[in-house]
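As structure tokens, the structure follows; a few thoughts come after it.
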Amino acid sequence: MPFINVKVAGTPLAPEQITAIQAGITRLMATVLHKVAPLVGVLVEAVPVAGWSVGAEAIARAAQVDAIISADTNTPDEKSRFISEVNQLLKTVLGAELAEVSYIVIHEVPKDSWGYDGLTQAERGRRRA
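Right, dumping it as structure tokens:
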């Protein structure tokens, strides 16, 4: 049940761009990190470009991706591939003005520290066993 927050600064996003980011990240969560696609939540947020700088310099377009997954469920190679492919997705959808310093962060949370529908991921695992 990963949750991914994508913040984008710059030219306002078209609905098609939002959909492409949501669909692309969901697909990569499923194919690269082996997550269950119907449980992947993706929030794309537009943020004011005036509030974003890189090296204390204004930018035209930037993005920040924060992906929350359960700890110890993926290999370093899988996480590296996910970061690479999300970066390529952002470049494709957002275009050449995307700042090189656009970060993709995978946050690994212990299974007993998060969940959905009132159950932690650890409890879900115990109930499946």
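So for the sequence shown, the numbering used here puts the first residue at 1; every next one is plus one. Idealized CB from N, CA, C, for every residue including glycine.
- Runs of the beta strand (DSSP E) spanning 3 or more residues and lying entirely within the segment 24-75 occur at 41-47, 62-70, in chain order.
- Boundaries cannot be given for Ala-96, as no beta strand (DSSP E) includes it and DSSP labels it neither H nor E.
- Shortest Cα-Cα distance from Val-44 to any of Gly-24, Thr-31, Trp-52 involves Gly-24.
- As DSSP reads the structure, Asn-5 sits in a beta bridge with Leu-43, Asp-66.
- The straight-line gap separating the alpha-carbon atoms of Asn-5 and Ala-129 is approximately 31 Å.
- Taking a cut-off of 8 Å for Cβ pairs, the segment 32-46 and the segment 70-86 touch, as three or more such pairs fall below it.
- The Cβ atoms of Ser-84 and Pro-110 lie no closer than 9 Å to each other.
- Between Gly-51 and Ala-9, the C-beta gap is smaller than 9 Å, which places the two residues in contact.
- When C-alpha distances from Gly-95 are compared across Ala-63, Pro-48, Pro-38, Ser-53, the shortest belongs to Ala-63.
- Secondary structure at Leu-90: helix, using DSSP grouped into helix, strand and coil.
- The beta carbon of Tyr-116 sits closer than 7 Å to those of Met-1, all from its chain and outside the five residues before and after it, given in chain order.
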